[in-house]
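Have a look at the structure below before the remarks.
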Amino acid sequence: MAIEDPIVTGLANGWKHIDASQLTQDQTLEADVVIVGSGAGGGVAAEIMTEAGLSVIIVEGGPLKSSESFNMEERRAYPNLYQQAASMKTKDKAIGIFQGRAVGGSTTINWTTSIRTPENALAFWAEHKSVEGLSREALTPWFEKMEQRLSITEWPFEPNRNNMAIKQGCEALGWDYTVIKRNVAGCWNTGYCGMGCPVNAKQSMLVTTIPAALDRGATLVSRAKVSKIEHHNDKVYALKAQTLTESLRPSGVQLMLKAKHFILSAGAIHTPALMMRSRLPDPQKLLGKRTFLHPTVLSGALFNDAINGHSGAPQSIYSDQFVWQDGADGELGYKLEVPPIHPVLIASKSLGYGQSHAELMAQFNQLQVTIALMRDGYHADSPGGQVQLTDKGYTLDYPLTDAFWRAARRAFASMAELQFAAGAQKVLPMSEGMPFLPSWQAAKEAIADMTLAPFKTVVASAHVMGGCPLGEDKQMAMVDSRGRSHYLENLSVMDGSLFPTSLGANPQLSIYGITARNASLLAEELGGA
Amino acid sequence: MNRRTFLTTALVGTGALALGVNLYHPPQVRVSASLDQSHRLLFSLLVPVFLDGALPHTQSLRVAAQNRTLDAIVATMDLLPEESRDELEQLLELLESRLGLLLLTGNMTPLLMRQPQELAAMLEAWRTSFLDLMVTAYQGLRELVLASYYSCPEHWTRLNYEKPRLFN
């Protein structure tokens, strides 16, 4: 059945799209507002700015892809749609990071889980991080607005078997669980959200806010990497960008982007890195510090029946049983979710090689995987990582602390208990030296004694946050609670880099809601309609 | 012969010596030893070890799967960011030199002269090493080989996995 591809249709209707890989001469472009990045922050900001009648240029480092090129294969999706072809790692290589790099940013490849910012996080920010005006009451209308805009509703269908295991385990143990809200409309329930939605059901920025902004005359520049913020005294006067080839390597043409106001929405690594590279004022040396990941550990379980974790909505049930158990700044809590199960993802995030790995992969369809996302940034021993500039770009140094490892051990135990309660035959904590464990009692003992360490324990992340915190106190914040720079009058930040801690929840709806508020306030100030 | 060609030949020559290419050259590996810039010969030794139990048993299918994986490894390496690719190249070049072999494995025996179980023992030693450098070398090669193999749809049959067919 043919489906309409809104990108193809929009381009045919005359959208202003510049694929910078095709440019051969330097150019200067000008608008009221230039937005760097087209993900959850940049997309929402672009729509709100154009709605207010302002002219907008969106600059994106990745390519413009659409459902036509989403073929549900990791070998195409990872290089086309992910930062560093999905092979990004922290400086010591102990944590693998999945982040989007294409028009739509990570919203093009995320698993659709949409959760409002937890009240505990907002209360902590207000009390300890000088954040004002972002209470749950103040944000509720903005969450409602974005939920309506992006069709965010509770997933009405039965969870797939992978998610059902969480539900059954929680029911058996009397633990908390929640049906996830997803940003989809007319979802085919195929389970390939992580490779770009092939039927345009996912209401990512790629098919919602970006097309809306382009319909209102915005200009999209893809495959252009902003390399420098040109500033003088207390104002930004231009951005410099390099064009990239189709394989995203510099192609030697320079772009100069001028505007009344500049919005950075390049994500929690690139926004701080760009500000650092441009030597923006940072008297407290905050930029790039306190970068959070929700570092995540994994537990595999074999069931007798078919799990088929590749099929159906990737995430539809989560458990918050352990997220805030010891208070916000107590021992690190963790959220329990599942990932979709696809060949490259599981082959690389499991253990070993040869016969043992082949045997695990042969049972691919019986494999259930639970993940525990650590809530980092609250405990005194959880300062997060640090974005650092290198000769060739950037790196993220994220040492894993004792507090993290204590939480990881508890999380492995919780996941094993949950999986056995849901009917697992055996459970495999993804850490070197661990065998399949045959019962909850055996798992409890083995996990209490297991060796946990960087490189030995598989740790992954898909949620990069922080590095350019918001708040009123300049001692601890780079921008105010509206996302406006404390130092440059025409610069704002609207992405996950604003968060002064991690969230304890998947970040996309937090970025949508907070950006909707801040972009609306900014549009008013800029004299938009 | 210009200087650049000479240097390249000399380097590949050293690599070939370390791998033992002058002693034995497996017929199924489509590689010209003097032009092996993508390290196909080295990976042709490591692929069967990493994928032991996953590769097909039938000889012709097995050879095809290995060659397909070598192609995929070259393609994957090309997609890596410059810094990662440089690090990987350094590791591969060490494995193709006798001194590098001595540093990484404790002896200078060319990899081509080692039995598969000896190569497995080498990987196992890296995997459990107390040196982070060795563990990351193991993990880098492991991820590259396994991801490249499982990225190919023709290798999914043994998983009973296939992607949905939406539009036909």
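Protein chains in written order, with this note's numbering: chain L, 1 to 529; chain C, 530 to 697. Ideal placement from N, C-alpha and C gives every residue a C-beta, glycine not left out.
Original post:
Mind pulling the chain L residues with CB within less than 8 Å of L688 of chain C?
Top reply: Ordered by position in chain L, the residues that pass the 8 Å Cβ test against L688 of chain C are P343, M361, A362, F364 and N365.
Original post:
In angstroms, rounded to a whole number, what distance separates the CA positions of A516 of chain L and L640 of chain C?
Top reply: Spanning the two alpha carbons is a distance of roughly 59 Å.
Subject >> At least 3 beta-carbon pairs within less than 8 Å: the segment 673-682 of chain C vs the segment 601-615 of chain C >> reply: Here the segment 673-682 of chain C makes contact with the segment 601-615 of chain C; the two share three or more CB pairs at distances below 8 Å.
**OP:** Please go through the same chain and pick out, in chain order, the residues whose beta-carbon is closer than 6 Å to the beta-carbon of G325 of chain L, but skip the five residues on each side of it.
**Re:** According to the sequence provided, residue 325 of chain L is Gln. The question's Gly does not apply to it. Scanning its chain for C-beta atoms nearer than 6 Å, with the 5 sequence neighbours on each side dropped, one finds around Q325 of chain L the residues G333, in chain order.
Subject >> Backbone CA spacing between P283 of chain L and V199 of chain L [nearest angstrom] >> reply: For P283 of chain L and V199 of chain L, the distance between alpha carbons rounds to 48 Å.
**OP:** Give every residue of the same chain whose Cβ lies closer than 7 Å to the Cβ of S130 of chain L, excluding the five residues on either side of it in the sequence, and list them in chain order.
**Re:** Same-chain partners within the cutoff: G471, E472, D473, M476 and A477.
Subject >> Whole-angstrom distance between G327 of chain L and E683 of chain C, CA atom to CA atom >> reply: When rounded, the distance between both Cα atoms is 50 Å.
**OP:** Identify every run of the beta strand (DSSP E) within the segment 337-412 of chain L, keeping only runs that are complete inside it and at least 3 residues long; order them along the chain.
**Re:** Whole beta strand (DSSP E) segments, 3+ residues: 367-374, 386-390 and 393-397.
**OP:** Taking 8 Å as the threshold, find out whether the segment 503-518 of chain L comes into contact with the segment 157-164 of chain L through three or more Cβ pairs.
**Re:** Touching, no.
Original post:
Does the count of Cβ pairs from the segment 663-671 of chain C and the segment 55-69 of chain L closer than 8 Å reach three?
Top reply: Judged by Cβ distances under 8 Å, the segment 663-671 of chain C makes no contact with the segment 55-69 of chain L, as fewer than three pairs qualify.
Subject >> Start and end residues, alpha helix (DSSP H) containing M494 of chain L >> reply: Note, M494 of chain L: premise wrong, no alpha helix (DSSP H); not H, not E.
**OP:** Quick one: list the residues of chain L neighbouring S680 of chain C, beta-carbon separation under 7 Å, in chain order.
**Re:** What S680 of chain C touches in chain L: E74, R75 and V344.
Original post:
Would a check of beta-carbon distances place S69 of chain L closer than 8 Å to chain C?
Top reply: Taking a beta-carbon distance threshold of 8 Å, S69 of chain L does not count as an interface residue toward chain C.
**OP:** Put A301 of chain L into one of helix, strand or coil per three-state DSSP.
**Re:** If DSSP states are grouped into helix, strand and coil, A301 of chain L belongs with the strands.
Original post:
Who are the neighbours of G582 of chain C on chain L, taking C-beta pairs under 7 Å?
Top reply: Against G582 of chain C, the close residues of chain L are G354, Q355, A358 and E359, in the order they occur along the chain (beta-carbon pairs closer than 7 Å).
Original post:
the segment 281-307 of chain L: which residues have C-beta closer than 7 Å to a C-beta of chain C, in chain order?
Top reply: Cβ proximity to chain C below 7 Å picks out nothing from the segment 281-307 of chain L.
Original post:
The beta strand (DSSP E) with E154 of chain L in it runs from where to where?
Top reply: Counting along the chain, the unbroken beta strand (DSSP E) around E154 of chain L starts and ends at I152 to E154.
Original post:
With 16 other CB atoms within 10 Å as the buried threshold, where does Q83 of chain L fall?
Top reply: That one is buried.
Original post:
If we call anything under 8 Å between Cβ atoms a contact, is A40 of chain L one with T117 of chain L?
Top reply: Cβ distance not < 8 Å, so A40 of chain L and T117 of chain L don't count as in contact.
Original post:
Can G43 of chain L and I269 of chain L be called in contact, C-beta distance under 8 Å?
Top reply: With a cutoff of 8 Å on beta-carbon distance, G43 of chain L and I269 of chain L are scored as not near each other.
Original post:
Since V34 of chain L sits in a beta bridge, which residues does DSSP pair it with?
Top reply: DSSP lists L:I57 and L:F262 as partners of V34 of chain L.
Subject >> Interface partners of F455 of chain L on chain C, CB under 8 Å >> reply: Contacts between F455 of chain L and chain C, judged by CB atoms closer than 8 Å, involve D661, V664, T665 and Q668 in chain order.
**OP:** Starting from T271 of chain L, find everything on chain C with Cβ-Cβ shorter than 9 Å and list it in chain order.
**Re:** By Cβ distance, chain C contributes nothing, its closest Cβ being about 19 Å from T271 of chain L, past 9 Å.
**OP:** List the endpoints of the continuous alpha helix (DSSP H) containing D607 of chain C.
**Re:** Element bounds for D607 of chain C: Q588 to L608.
**OP:** Look up T296 of chain L in the DSSP assignment and give the residues it is bridged to.
**Re:** In the DSSP assignment, T296 of chain L forms a beta bridge with L:L373 and L:A460.
Original post:
Since I229 of chain L sits in a beta bridge, which residues does DSSP pair it with?
Top reply: According to DSSP, which records beta bridges pairwise, I229 of chain L is partnered with L:L239.
Original post:
Does DSSP classify H568 of chain C as helix, strand or coil?
Top reply: H568 of chain C falls in the coil class under three-state DSSP.
Original post:
Secondary structure at S67 of chain L, three-state DSSP: helix, strand or coil?
Top reply: For S67 of chain L, the secondary structure class from DSSP, reduced to helix, strand or coil, is helix.
Original post:
Does the beta-carbon distance from T291 of chain L to G433 of chain L come in below 8 Å?
Top reply: Cβ distance not < 8 Å, so T291 of chain L and G433 of chain L don't count as in contact.
Original post:
Does the pairing of the segment 407-418 of chain L with the segment 430-444 of chain L give three or more beta-carbon distances under 8 Å?
Top reply: Cβ pair count under 8 Å is three or more, so yes.
Original post:
Of all Cβ atoms in chain L, is any one closer than 8 Å to the Cβ of P585 of chain C?
Top reply: Output row for P585 of chain C: interface = no.
**OP:** Tell me, please, whether the CB atom of L574 of chain C is closer than 8 Å to any CB atom in chain L?
**Re:** Interface annotation, L574 of chain C: not in contact with chain L, CB-CB separation never under 8 Å.
Subject >> Contact between the segment 484-494 of chain L and the segment 220-237 of chain L (3+ Cβ pairs under 8 Å) >> reply: Output reads yes: the segment 220-237 of chain L touches the segment 484-494 of chain L.
**OP:** Return yes when the Cβ of E74 of chain L is within less than 8 Å of the Cβ of V344 of chain L, no when it is not.
**Re:** Yes, they are a contact pair.
Subject >> Residue range of the unbroken alpha helix (DSSP H) whose run includes H270 of chain L >> reply: Element bounds for H270 of chain L: G267 to R277.
Subject >> chain C within 8 Å of S66 of chain L, Cβ atoms only >> reply: It does not; no Cβ of chain C falls within 8 Å.
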